[in-house]
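K.L.:
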């Protein structure tokens, strides 16, 4: 699931903007 | 009621949770709450509407996909700031956002809906459904405007919208969740907070007037169908020109 949603996964990993 | 099973973050009194959700909602909404009061947004002129209507379908789709994606990114940020959300497994965070982010975007739209003129804020000015003619999906646009109009009539407070949004995301009924009981516990806390708020503000009548989960789900399905229809008519455009996050979630 994470492989198919790399961008979403990355957004969730990043610190708050 | 389950001190050993619940992580610290989930054991908060209702009012604190409501405050926290409100802060997250306010921090991640556009337009900001302070800009909603006595807004002075202009309505698109005849010429501006014609300009949008004259855009090629693919360009208008791309433009709207960009706007939707910006809204989705704000919903992701909202989710991250929700107490307990980031303590869910990464798998379940993705499942919940993939299923619920668009529903939250649609609900949030009512904040920038002008009931008097039946217009919604789009690219800085107020737009009626006719502005989106070149998208070629009039039923979807009409359904979205109907939803915004209905929600706008409920005159929800920012606290109500924040909790409603949180409950659209933290939904233990979504398929493919790995740890359903954990999501259900977080959903339960939010549900209690929402009911306590409604009781305190004598707004319990709101519950019966909200759009049904089925209606929101149907609207999101309609959106997905239209993306597919667009792809069949304009092959390659989505892959080449749409925002990557939009493709990931809807294509």
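Protein chains in written order, with the numbering used here: chain W, 1 to 17; chain L, 1001 to 1251. Ideal placement from N, C-alpha and C gives every residue a C-beta, glycine not left out. Keep in mind the model is a prediction, meaning the values are calculated, not measured.
Would you call the region 1165-1172 of chain L and the region 1186-1194 of chain L touching, i.e. three or more CB-CB distances under 8 Å?
P.N.:
Segments in contact, yes.
K.L.:
How many angstroms separate the CA atom of residue 1094 of chain L from the CA atom of residue 1248 of chain L?
P.N.:
Going by the C-alpha atoms only, they are around 11 Å apart.
K.L.:
Determine the chain W residues that contact residue 1244 of chain L at a beta-carbon separation under 8 Å, and present them in chain order.
P.N.:
By Cβ distance, chain W contributes 7.
K.L.:
Classify residue 1122 of chain L as helix, strand or coil using the three-state DSSP reduction.
P.N.:
It is a strand residue.
K.L.:
Using a Cβ cut-off of 9 Å, pull out every chain W residue sitting near residue 1091 of chain L, in sequence order please.
P.N.:
Residues of chain W passing the Cβ test: 1, 2.
K.L.:
On the DSSP letters alone, give me the boundaries of the alpha helix (DSSP H) that residue 1069 of chain L sits inside.
P.N.:
Unbroken alpha helix (DSSP H) run through residue 1069 of chain L: 1057-1081.
K.L.:
Output the distance between the C-alpha atoms of residue 1009 of chain L and residue 1105 of chain L, rounded to the nearest integer angstrom.
P.N.:
At residue 1009 of chain L the pLDDT is 47, less than 50, meaning the model places this residue with poor confidence; the figure from the coordinates comes in the next sentence. Taking the straight line from one Cα to the other gives about 26 Å.
K.L.:
Using C-beta distances below 8 Å, list every residue in its chain close to residue 1126 of chain L, excluding the 5 sequence neighbours before and after it, in chain order.
P.N.:
1041, 1042, 1043, 1044, 1114, 1117, 1119, 1120, listed in sequence order.
K.L.:
Report all residues from its chain with a CB closer than 8 Å to the CB of residue 1073 of chain L; omit the five preceding and five following residues, and keep chain order.
P.N.:
Once the five neighbours on either side are set aside, the close Cβ partners of residue 1073 of chain L are 1245.
K.L.:
Run the CB neighbour count on residue 1092 of chain L, radius 10 Å, all protein chains shown included, and call it buried at 16 or more, exposed below.
P.N.:
Residue 1092 of chain L comes out buried.
K.L.:
Using DSSP with H/G/I as helix, E/B as strand and the rest coil, what is residue 1201 of chain L?
P.N.:
Reduced to three states, the DSSP call for residue 1201 of chain L is coil.
K.L.:
To the nearest angstrom, how far is the alpha carbon of residue 1030 of chain L from that of residue 1071 of chain L?
P.N.:
Going from the Cα of residue 1030 of chain L to the Cα of residue 1071 of chain L covers about 8 Å.
K.L.:
When you compare the CB of residue 1238 of chain L with every CB in chain W, is at least one pair closer than 8 Å?
P.N.:
Cβ-Cβ to chain W under 8 Å: no for residue 1238 of chain L.
K.L.:
Cα separation between residue 1163 of chain L and residue 1195 of chain L?
P.N.:
Roughly 10 Å between the two C-alpha positions.
K.L.:
Step through the CB atoms of chain W and report whether any lies within less than 8 Å of the CB of residue 1076 of chain L.
P.N.:
Cβ-Cβ to chain W under 8 Å: yes for residue 1076 of chain L.
K.L.:
Report the rounded CA-to-CA distance for residue 1111 of chain L versus residue 1152 of chain L, giving the unit in angstroms.
P.N.:
Whole-angstrom Cα-Cα distance: 7 Å.
K.L.:
Going residue by residue through the region 1121-1189 of chain L, where are the continuous beta strand (DSSP E) segments of at least 3 residues, counting only ones entirely within it?
P.N.:
Fully enclosed beta strand (DSSP E) runs of 3 or longer: 1125-1127.
K.L.:
With 7 Å as the C-beta to C-beta threshold (strictly closer), list the residues of the region 1153-1168 of chain L near chain W in chain order.
P.N.:
If the cut-off is 7 Å between Cβ atoms, the region 1153-1168 of chain L has nothing near chain W.
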